[in-house]
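Notes for the one structure printed next.
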């Protein structure tokens, strides 16, 4: 489905401003939207940290312990810790031992190679009684081979396959409303979300896109009157493409009652005549089909219904279903004033998330629930000037309350802290998320991914001027909040964009962002198309997921990769658990001229050949270049084309 692509950007001159309205067309609309993107005005990026609690078995429950320290993996060549660390004891926080012996955690051990180093429990923090213990990293295959000096070069790129080893989540290669057979080929995660899903009636497939499309109740999502059909089609398409899907569960309390295609606000008493009440739990037996004439919709019945139609999703990590609690509640008073005219409060969002997450988990105990789906920076800080903010950081408050909810309910309710990130970076006063390809915007766009992680980089934006007074480093910032307030929570960005989808700079930005996500340990991510075309953005995806046109992919394990000049280049490296001898490198040249990269790879095997694939110029798909014969010991010089992304598949 093609989405409306207009957006509006606004300038915000400080966190104290009383209102920061955002216009958005976050969903498919029948014609060009008069609003802007679902991002609204505010968003920017950051990165860093490990994805807490990814991948292992649950840690040993603690009676009241809030957080255990992360256990580090075993010594070189040894076993990783027993799944990371777990909080246990009456309020205690035992740390995993330096050799990886975490206190509890029944799973997640990792065996290093014969002499390789293994990082056990990468992200294996488990809070008392909930979060998953991390799995250990992939060990090396023998003693490291010290690489030669590659020779003179403009920039040095170094890779070490025995250092900073940790799994890459398969769910970072996602997009919203994907076209699986074409642009999204071999991607791993879809999302059925956006403003239109806030008032989605799963029993009839009626919806209302709010201010994105004149507050019309309509049949835009399709599916006819067959219960859940609009959702079923999207999930089935993802699963057929060997991908997972995020399904949105509305939580604001009202869903569309009809498909008349008219502005509901022009109807007297519209909240009772054009909408029906939506509840977290039915409290009685479910039915398929549901009762569509009782003027009530139950979201736990929706979750149950999905389980009936996709019975294998709960046990298949490749083709699973994640549950997202609504969409951008911090903007409801503007995007969905037809059902929620008053600004949301901290207390309201916490109460809604607890109620709906409990209902979901009661039906599907293994469900992964994602919240609070904030639209951008101001939402992270104070829920878009919420009336009960009282100077409290919203994300920290939310995590604290979700931790308390786990203690009260004896189970984790929110598994993933989900945010939206639309870069607020500007070039010459123009925000980068649109189609502008002027020199200043392009320069800002290709640097903007550094705001995801780099503590030394300060973009030009209202965020750095009025909020952070310096670098954003979004992901490390958020991971630290998780560590401090609710360890074991994963982190995702279910909408992100850096613009320029029809230009090489957009492809470079996405390639950089995907590398950051894997390197920093993000759990899941979905790009949102912002412009008239996104062909280069999907070209950036292809450099990780389809560089050879045959689903050739970046590895599943991140390893150390460094550049001597972050302003002019980026580098990301991987190995694969199934084929640890192969090293896949993504190198980005941010310079307007070619650069010679001196590449050194510390690995356990001698490498002899590098296959080369390039994204450059005006061609939005990867093109294979001549192989490189490696004549020095694990070292060579590669000429990176100007403004390009290169995928190097380096093999013995």
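In the numbering used here, the protein residues as written are 21 to 672.
From the three backbone atoms N, C-alpha and C, an ideal C-beta is built for every residue, glycine too.
Residue 417 is not bridged by DSSP to any residue.
A straight-line Cα-Cα distance of about 13 Å links residue 447 and residue 525.
Boundaries around residue 581 are those of the beta strand (DSSP E), 577-583, since no alpha helix (DSSP H) includes it. In the structure shown, residue 470 falls within a helical segment according to DSSP collapsed to helix, strand and coil. In this structure, DSSP gives residue 279 a state outside helix and strand, which the three-state scheme calls coil. Within the model, the alpha-carbon separation for residue 367 versus residue 232 is close to 27 Å. Residue pairing from DSSP leaves residue 258 without any beta-bridge partner. Look at the region 520-599 and you find these whole runs of alpha helix (DSSP H), each 4 residues long or longer: 524-540 and 555-565. Straight-line spacing of the CA atoms in residue 371 and residue 449 works out to 40 Å. Taking the C-beta atoms as reference points, residue 279 is found nearer than 8 Å to residue 239.
In the three-state DSSP reduction, residue 641 falls in the strand class (E or B). Short of 8 Å from the beta carbon of residue 385, and not among the five residues preceding or following it, lie these beta carbons of its own chain, in chain order: 431. Secondary structure at residue 322: helix, using DSSP grouped into helix, strand and coil. Residue 292: not part of any beta strand (DSSP E); member of the alpha helix (DSSP H) spanning 290-293, first to last residue. Under the DSSP definition of a beta bridge, residue 451 partners with 446. A contact is defined here as three or more CB-CB pairs under 8 Å, and the region 642-654 fails this definition with respect to the region 585-601. Between the C-alpha atoms of residue 164 and residue 550 there is a straight-line separation of about 45 Å.
When Cβ pairs closer than 8 Å are counted between the two stretches, the region 278-297 is seen not to touch the region 249-258, the count staying below three.
Distance from residue 534 to residue 564 at the Cβ level is roughly 5 Å; contact confirmed, criterion being Cβ atoms closer than 8 Å. Straight-line measurement puts the Cα of residue 207 at about 12 Å from the Cα of residue 574. Here the region 407-414 makes no contact with the region 455-467; the two share fewer than three CB pairs at distances below 8 Å. The criterion of a C-beta distance shorter than 8 Å is satisfied by residue 230 and residue 355.
Taking a cut-off of 8 Å for Cβ pairs, the region 653-664 and the region 630-637 touch, as three or more such pairs fall below it. Comparing C-alpha distances from residue 522 to each of 433, 455 and 492 shows the shortest one belongs to 455.
Note: residue 615 is bridge-paired with 660 in the DSSP secondary-structure output.
Excluding five sequence positions before and after residue 422, the CB atoms of its chain that fall closer than 6 Å to its own CB belong to 434 and 506, given in chain order.
Distances from the CA of residue 295 to each of 545, 313 and 443 were compared; the closest alpha carbon is that of 313.
In this structure, residue 608 lies near residue 531, with their beta-carbon atoms less than 8 Å apart. The beta-carbon separation of residue 168 and residue 653, rounded to 4 Å, stays under the 8 Å limit for a contact. Residue environment: residue 406 is assigned as buried (16 or more neighbouring CB atoms within 10 Å of its CB, all protein chains considered).
Proximity of the region 285-300 to the region 335-353 falls short of the contact definition, fewer than three beta-carbon pairs being nearer than 8 Å. By the beta-carbon neighbour count (other beta carbons within 10 angstroms, threshold 16), residue 578 is buried. The beta-carbon distance between residue 529 and residue 465, rounded to whole angstroms, is 5 Å. This is short enough to meet the 8 Å contact definition. By the CB criterion at 8 Å, residue 513 and residue 542 fall inside the cutoff. In this structure, the beta-carbon distance from residue 494 to residue 441 falls below 8 Å.
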